[in-house]
Structures are given as C-alpha cells and as structure tokens.
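One structure below.
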Amino acid sequence: MLDQTKPVYQRLRDVIANAILDGTFRDGDMLPSVRSLAAEEGANPLTVAKAYQTFQDEGLVTVKRGVGMFVAEGATDRLRTLMREDFLTNVWPPVAEQMRRIGLDARTLLDLTDA
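Residue numbers (our numbering): 9 to 123.
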C-alpha cells in the first residue's frame, strides 16, 4: 500500500523496495534503468534518479558505470530490517491505538486475514 501523502520519489522508493522484498529483484540483480522505470511508472526521470540515490546512499544498491545499477549483496536482509524498524516505530503505534479504541484484538484481526 503506497502512501499518497509521500513525495513522489519516496513512493517510487517504496515501489522499488517492495520489488526487492517480494523477490522481483534479488541481491546482485540489475535494476531497471532510470528512463525505463520512469516510463513504466509515469514519473520524471530526475525523480526516479532521486529515488535510486536514496538506495545508493544507504548502500542497498551498487552502480557499475556504463552498465547499470544493481541490488547490493545483503541488501534484501538490510532493507527488510530497515522497513521492519520503520513499521514498528511509525506505522504500528497508531494502528495499535485504533485497534484498542474500537475493541479489536490481534487474534480477531489474524482470523480475518486468514479467511
């Protein structure tokens, strides 16, 4: 689920991160070019480049000049850890509070998702 209140480059980052976590791109795989992803997502290439730069800054992708951008070794595990920490810090607390307010317990929620 993409948060439409986020800036476009962060939403693109989420698209790429989800593709890595879902196994579409594995450690060592080449990522789509900036132009290719921009065309696919209907985004400005500079915005895609900014999204990719965030991964590069975090060491999650490597750049091979003249070849392309690749998912770094170990990036999937590191990304999963980063996203888990973000979820537990920023997403879960308001969800848990709303569950408390409406009287929804975790077991009921799990039962609904298993159905």
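By construction, the Cβ of each residue, glycine as well, lies at the ideal position given by its N, Cα and C atoms. All values derive from a computational prediction rather than experimental measurement.
> Taking only runs of the alpha helix (DSSP H) that begin and end inside the segment 53-113, which ones reach a length of at least 4 residues, in chain order?
Replying inline: 53-65, 83-94, 100-110
> When the Cα of PHE63 is compared with those of ILE110, TYR17, LEU120, which residue comes out closest?
Replying inline: By 1-based counting over the sequence shown, the position of residue 63 is 55. The candidate whose alpha carbon is nearest that of PHE63 is TYR17.
>> If you measure between the beta carbons of GLY76 and SER41, is that distance less than 9 Å?
In response: Indexing the sequence shown from 1 puts residue 76 at position 68. Indexing the sequence shown from 1 puts residue 41 at position 33. Contact flag set, yes.
>> Considering Cα atoms alone, identify which of VAL56, ILE28, ASP122, ARG34 is closest to SER44.
In response: Within the sequence shown, the letter at position 36 stands for residue 44. Looking at the Cα atoms, VAL56 is the closest of the given residues.
> Of the residues ARG21, ARG109, THR13, which one's Cα is nearest the Cα of LEU54?
Replying inline: Mapped onto the sequence shown, residue 54 falls at position 46. LEU54 has its Cα closest to that of ARG21, out of ARG21, ARG109, THR13.
> Smallest Cα separation from ASP85: which of VAL103, TRP100, GLY31?
Replying inline: Reading the sequence shown from its first residue, position 77 is the one you call residue 85. Nearest C-alpha to ASP85: GLY31.
> Nearest-angstrom Cα distance between ASP113 and PRO101?
Replying inline: Taking the first residue of the sequence shown as 1, we reach residue 113 at position 105. Taking the first residue of the sequence shown as 1, we reach residue 101 at position 93. If you take the alpha carbons of ASP113 and PRO101, they lie about 14 Å apart.
> Buried or exposed: where does PHE95 fall if 16 or more other Cβ atoms within 10 Å of its Cβ makes it buried?
Replying inline: Position 87 of the sequence shown, counted from the start, is the residue given in the question as residue 95. That one is exposed.
> VAL69: which of LYS14, LEU120, PRO15, ALA25 sits nearest, CA to CA?
Replying inline: Translated into the one-based positions of the sequence shown, residue 69 becomes position 61. Of the candidates LYS14, LEU120, PRO15, ALA25, the one whose C-alpha sits nearest the C-alpha of VAL69 is ALA25.
> Anyone know if the C-beta pair for VAL5 and ASP35 falls short of 9 Å?
Replying inline: No answer is possible for residue 5: the residues shown for the chain start at 9 and end at 123.
> Which residue from LEU118, LEU120, LEU39 puts its Cα closest to that of LYS72?
Replying inline: Numbered from its first residue, the sequence shown carries residue 72 at position 64. The candidate whose alpha carbon is nearest that of LYS72 is LEU39.
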